[in-house]
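Residue numbers (the numbering used here), protein chains in the order written: chain L, -19 to 227; chain F, -19 to 227. Read the structure below first, then the notes.
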DNA sequence: TCTGGCTATCTTGCATACAAGACAGAAAGC
DNA sequence: GCTTTCTGTCTTGTATGCAAGATAGCCAGA
């Protein structure tokens, strides 16, 4: 039992480790995830690493370039827009569907916002990045709907990758304020307002991105030669072939 | 190129074949999907079948019972409720986020509704099931956001599995009417109304389910012995161990 | 010096072999 | 007859081996 526990855990733990690495901004977009490397790291064979990679691929977090390797996705500008749009849709829909905020829920969010303040005070940027994303996941958890939680977790992971690529400076205080306002509205029972604030908040963050910054150093050349864009439009399954590494 | 095309296609085609089989109600919940069977069917080795199964598992469509086999999920009553809730959240959020309905979009939906009418007239229930689900996917496609489309496709697949388990009779005419009303509102540019109608429509369909019908013939015994419920609550990743087959 | 091609090496793609659990059905004991 | 145990078969779990593409670096030739 100990053994099967361990091996079952190992299986999903590769996946979970990578996702949480991204959520806490420890893994950058474009990072190469070699099957052999990970296999050695986790003490398993390539087979299981591959399984984890395939699962992450369907979650839109990782991408394989045939016979070159697995890479953490580098969302294009179009991807970034789509991810923010999807988040607005899901989060606004979620908040509008809520009817009450339980006491525990209120406490959980309150504690979370305190953590945000602490991390800001400590200047712990990695932790801050994690918390800023986690706020939205926590809201999803309040709904008790695991499907929505999963969807938002994956979208949040991608959001963090996006901000690592396109966010020049980190307006933590602003985001924190946005979170506080959403929480206020929720506590007041005004979920429609909370939904509106959530959309505004996501808009704010999106506006703070510099989507002209290119993760692909060839994109200007490409466009001046009027070649087709690197990514086909927003296909979450089919990702672009990576033509460059990030370092 | 022909070759690589073919092999690349094969890879995703197992996945796509199964999903479309479910969407058109040709594959029932609880169906066993043996690795060897599928491997023979598609003319590939178990390895690739397994990859497809893993992907389908992360999409919540398939489930593995250790050393027993892969099965199409049989959503529990709780799962069913969660799926409908998630759909209400996403679809309402989606419709509210829309600003215009293009001419092509209008034509596409109109054509779709005609197809629904035709299928009703022809009494083609399988096709009707497919179309009833596809309507919602088409709406998502109008948004041009592939992330939302993927999410709704998977949720729709699960919805169809749910209706195969819990829907005693099929109120096609009623659903069709609901779709028409949503389309009317959209064409009138009233997306808020469309969102409301969409929620109502999903409520209607959910109400038409008999969630006391048991996919698990042991559940009454289980509850009379006051054992813990078969499924932990709504964990989309961790599915229940199947204790029975459907035939 | 620059260009083109060759080769060595590293990567994933895929199939296969073997391990080990689950189950059904027979056989044995009561 | 009923229960229990055992064993053969079928399933997935996992590692490994080999094929084949991609890449980088070297070397030769202009």
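Note that beta-carbon positions come from the ideal geometry of N, C-alpha and C, so glycine has one too. For clarity, every value in this text was computed on a predicted model and none was experimentally measured.
For chain F, check one thing: does any of its Cβ atoms lie closer than 8 Å to the Cβ of residue i?
i: residue -1 of chain L; result: no
i: residue 34 of chain L; result: yes
i: residue 84 of chain L; result: no
i: residue 31 of chain L; result: yes
i: residue 45 of chain L; result: no
i: residue 77 of chain L; result: yes
i: residue 119 of chain L; result: no
i: residue 180 of chain L; result: no
i: residue 60 of chain L; result: no
i: residue 128 of chain L; result: yes
i: residue 205 of chain L; result: Confidence at residue 205 of chain L is low in this model, with a pLDDT of 47, below 50, so its placement is unreliable and no value can be given for it.
i: residue 65 of chain L; result: yes
Measure from the C-beta of residue i to each C-beta in chain L and report whether the shortest distance is under 8 Å.
i: residue 96 of chain F; result: no
i: residue 2 of chain F; result: no
i: residue 38 of chain F; result: yes
i: residue 23 of chain F; result: no
i: residue 12 of chain F; result: no
i: residue 19 of chain F; result: no
i: residue 189 of chain F; result: no
i: residue 73 of chain F; result: yes
i: residue 236 of chain F; result: Lying before the first or after the last residue shown, residue 236 of chain F is absent from chain F, which here runs from -19 to 227.
i: residue 68 of chain F; result: yes
Would you mind working out which of the options sits nearest residue i, comparing C-alpha positions?
i: residue 35 of chain L; options: L:47, L:52, L:22; result: L:52
i: residue 139 of chain L; options: L:158, L:2, L:-7, L:16; result: L:2
i: residue 170 of chain L; options: L:124, L:79, L:111; result: L:79
i: residue 185 of chain F; options: F:85, F:136, F:168, F:16; result: F:136
i: residue 117 of chain L; options: L:124, L:129, L:159, L:106; result: L:129
i: residue 189 of chain L; options: L:63, L:142, L:124; result: L:142
i: residue 131 of chain L; options: F:89, F:40, F:13, F:11; result: F:40
i: residue 82 of chain L; options: L:175, L:124, L:17; result: L:124
i: residue 115 of chain F; options: F:88, F:46, F:104; result: F:88
Once you ignore the five residues that flank residue i on each side, which residues in its own chain have a CB closer than 6 Å to its CB?
i: residue 152 of chain F; result: 100, 108
i: residue 265 of chain L; result: Since the first residue of chain L shown is -19 and the last is 227, residue 265 of chain L is not available in this structure.
i: residue 67 of chain L; result: 135, 182
i: residue 96 of chain F; result: 111, 156
i: residue -4 of chain L; result: none
i: residue 122 of chain L; result: 85
i: residue 75 of chain F; result: 171, 174, 175, 178
i: residue 166 of chain L; result: 81, 174
Going along the chain, which residues of its own chain have a beta-carbon closer than 7 Å to the beta-carbon of residue i, five neighbours each way excluded?
i: residue 7 of chain L; result: -2, 1, 52
i: residue 227 of chain F; result: Bear in mind that the predicted position of residue 227 of chain F carries a pLDDT of just 29, short of 50, making it unreliable; the figure below should be weighed with that in mind. None.
i: residue 296 of chain L; result: For residue 296 of chain L there is no data in the structure shown, the boundaries of chain L being -19 and 227.
i: residue 93 of chain F; result: 159, 160, 163
Which residues in chain L sit within 9 Å of residue i, going by Cβ to Cβ distance?
i: residue 133 of chain F; result: What residue 133 of chain F touches in chain L: nothing, since even the nearest Cβ is about 11 Å away.
i: residue 54 of chain F; result: Ordered by position in chain L, no residue passes the 9 Å Cβ test against residue 54 of chain F, which lies about 16 Å from the chain.
i: residue 16 of chain F; result: By Cβ distance, chain L contributes nothing, its closest Cβ being about 18 Å from residue 16 of chain F, past 9 Å.
Which chain L residues sit within Cβ distance under 7 Å of residue i?
i: residue 140 of chain F; result: By Cβ distance, chain L contributes nothing, its closest Cβ being about 16 Å from residue 140 of chain F, past 7 Å.
Can you pull the chain L neighbours of residue i, defined as C-beta to C-beta under 8 Å?
i: residue 149 of chain F; result: Chain L residues near residue 149 of chain F: none, gap ~27 Å exceeds 8 Å.
Mind listing the chain F neighbours of residue i? Cutoff is C-beta to C-beta under 8 Å, in chain order.
i: residue 174 of chain L; result: The premise fails here: residue 174 of chain L is roughly 13 Å from chain F at the closest Cβ pair, so nothing lies under 8 Å.
Skipping 5 residues on each side, what residues in its chain have a beta carbon closer than 8 Å to that of residue i?
i: residue 193 of chain L; result: 145, 146, 148
Problem set entry | Contained alpha helix (DSSP H) runs [length at least 4] in the segment 56 to 93 of chain L, N- to C-terminal order | 57 to 77
Problem set entry | 4 or more residues per run - each alpha helix (DSSP H) lying fully within the segment 113 to 197 of chain L | 126 to 146, 152 to 167, 171 to 187
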